[in-house]
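Protein chains in written order, with the numbering used here: chain A, 234 to 564; chain B, 22 to 322.
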């Protein structure tokens, strides 16, 4: 009974894995191009004279004076932060230019003036595991919404094949749901593994920190894609081809609807908050948004536990609603 | 072996009555043919029978019991329209069957694939209509079911494969399987089916053993010298259920006393009067021809 859905899910998972692999290869290429500019642990520092010293505060300083005029200073502080300063000759003389970029765990500042370019990388904080989990849950959510069309796909001319198997209708549907949930987990975990590997090749893996909220975020990142799955499967279980149209509208509606909560006229905000009770995206914004943001867009008390429980409820009720529709369908 | 008892099945789609109070008893190990023009209610009967559509009233009993999901382990259904997955290969469909049906035979599947000249590596989207029907039949017969429900199983098949399907049906019945099938090819039904039911507008018109139905009626026909044939009261003769004229030939379908009707034709001036056994097509046409109650003259082009 699970065979068809496992083939269908694998076709989608395979596309996701191909994209992940392409992104990973891109990261490897970037790492090679970066050529040791990020971190001494990359051991791709330019050839030249290397000098290592330990400062009085315990900081380890590695200085490399390259054969082609590059100068790299890596300061690894005892509390785990790092500062890397790379001074290298510019290919063409430039007037004063400066750019700063903030990425999780690091601030990168590039300054160019005259015939020299200075890159300063400050690893100023840890990479919280919670960030990685939230990103993984977003990736898994995309797949979840796609897989949730499974019952509508069966309803598109295949019911005679599904319902003449020695299993009840509910049993058939639930087996498909179980396969889809497994596929969602596979994609979420694959994304996490590749994220860690990518950080490792950039020498950043050690910055990943199991932060205080990681357990709750882990539960949230499991519940979020499943709630989207539950909502889509409930909306489309009794549809056939029209389900793809519904999915097309689903994302913009779900993602933008919480904005109505801020409209005060004609009770629009109140109505939006009521409707957002079944909108997983509203809980997502509440969970990842700044403190107090959740109470502006949700009717329910905006605590992390409540948000996770609400998402679980949407997932379960959504699947139950889809089963009720599935059982009433006729071929 | 599965005995099937259909009792007073009715199904309405809105105000349209697709099936009206249909009943039939199908003994185990027999071939039952369901005949009827398009929209007669054949597919609706199959769907209600297998629980794919909810009947508004009536029931279908399998060996005396209402349909249970586990019964499908011994039932195979081939719908009229292809329900296979376009993106899957024939081999994957067979793998699906193998995992679902306990009596599935991979060897049988291979034999049937060869019979229909199907490549298991081919995706369904690349198959012709006939090949899709063939693939569906391979799936059904290789599951080795006790009851086969086949809705237009020869649809889209070439004459060779149609003959092969007919042989499969007859062989399966010889093995003790129960088969219920519909077809527009009345000759095929006549060859394979022992019992038939004729439906029209959802209503059962006629049912019974094919041989009994054939022996019940005779055709008496004669040739007249003039195309302006006068039935001279034949149409109102209670022995005659139908009168047709084609050119100078007058043809009657007679229930009793065919010799008497033959004498009557001779008396009216017909020559070459002869009595012919009815075939299933005649029985079918006699049952379903619209607006031609027994005794009316039908002009055929």
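From the three backbone atoms N, C-alpha and C, an ideal C-beta is built for every residue, glycine too.
Close partners of residue 100(B) in chain A (Cβ separation under 7 Å): 393.
When C-beta distances to chain B are compared with 7 Å, the residues of the segment 398-409 of chain A below that value are 398, 399, 400, 401, in chain order. In this structure residue 222(B) touches residue 61(B) by the C-beta definition: roughly 7 Å separates them, less than 8 Å.
For residue 516(A), no beta strand (DSSP E) segment is defined; the enclosing uninterrupted segment is the alpha helix (DSSP H) at 513-521. When CB distances to chain A are screened at a threshold of 8 Å, the residues of the segment 83-100 of chain B falling below it are 90, 91, 92, 93, 94, 96, 97, 98, 100, in chain order. One Cα belongs to residue 462(A), the other to residue 202(B), and the distance between them is close to 41 Å. Distances from the alpha-carbon of residue 129(B) to those of 279(B), 156(B), 205(B), 42(B) put 156(B) closest. The segment 191-200 of chain B makes no contact with the segment 31-38 of chain B; the number of CB pairs closer than 8 Å stays below 3. Its chain contains 29, 31 as the residues whose beta carbon lies nearer than 7 Å to that of residue 78(B), once the 5 sequence neighbours on both sides are disregarded; these appear in chain order.
For residue 173(B), no CB of chain A lies under 9 Å from its own CB, so it is not counted at the interface with that chain. Counted as a single uninterrupted DSSP element, the alpha helix (DSSP H) harbouring residue 377(A) occupies residues 362-380.
When DSSP assignments are scanned along the segment 228-313 of chain B, the uninterrupted stretches of alpha helix (DSSP H) that are 4 or more residues long and fall wholly within it turn out to be 231-237, 279-288, 301-309.
Closest option to residue 397(A), judged by alpha-carbon separation, among 160(B), 135(B), 43(B), 54(B): 160(B). In the three-state DSSP reduction, residue 101(B) falls in the coil class, being neither helix nor strand. It is roughly 12 Å from the alpha-carbon of residue 177(B) to the alpha-carbon of residue 186(B). The beta carbon of residue 493(A) sits closer than 6 Å to those of 501, 505, all from its chain and outside the five residues before and after it, given in chain order.
Counting only runs of 4+ residues, the alpha helix (DSSP H) found wholly inside the segment 105-178 of chain B occupies 111-121, 127-136, 150-163, in chain order. Between residue 121(B) and chain A, the shortest Cβ-Cβ separation is below 9 Å. With a 10 Å radius around the Cβ and a threshold of 16 neighbouring Cβ atoms, residue 535(A) comes out buried. The bridge partners DSSP lists for residue 203(B) are 55(B), 172(B). Residue 344(A) has its alpha-carbon roughly 47 Å from the corresponding atom of residue 243(A). Interface annotation, residue 242(A): not in contact with chain B, CB-CB separation never under 9 Å. Taking a Cβ-Cβ threshold of 9 Å, none of the residues of chain B is close to residue 361(A); the smallest such distance is about 41 Å.
Residue range 475-489 is occupied by the alpha helix (DSSP H) that includes residue 483(A), with no beta strand (DSSP E) assigned at that position. Residue-level contact check: residue 448(A) does not touch chain B, since none of the beta carbons of chain B fall below 9 Å from its beta carbon.
Residue range 402-434 is occupied by the alpha helix (DSSP H) that includes residue 405(A). For residue 42(B), DSSP assigns no beta-bridge partner whatsoever.
Within the DSSP bridge table, the entry for residue 34(B) names 37(B) as partners. Each residue's CA atom was taken as its position, placing residue 487(A) and residue 520(A) some 16 Å apart.
Proximity to residue 235(A) across 126(B), 117(B), 139(B), 220(B) peaks at 117(B), based on C-alpha coordinates. When CB distances to chain A are screened at a threshold of 9 Å, not a single residue of the segment 246-260 of chain B falls below it.
Inter-segment contact for the segment 442-458 of chain A and the segment 512-532 of chain A is present: three or more beta-carbon pairs are separated by less than 8 Å.
The residue among 141(B), 216(B), 52(B) with its C-alpha nearest the C-alpha of residue 168(B) is 52(B).
Around the beta carbon of residue 335(A), fewer than 16 other beta carbons lie within 10 angstroms, which makes this residue exposed. Close partners of residue 104(B) in chain A (Cβ separation under 7 Å): 390, 391, 393, 394.
Of the residues assessed, residue 406(A) falls on the buried side of the cut-off, its CB having 16 or more other CB atoms within 10 angstroms.
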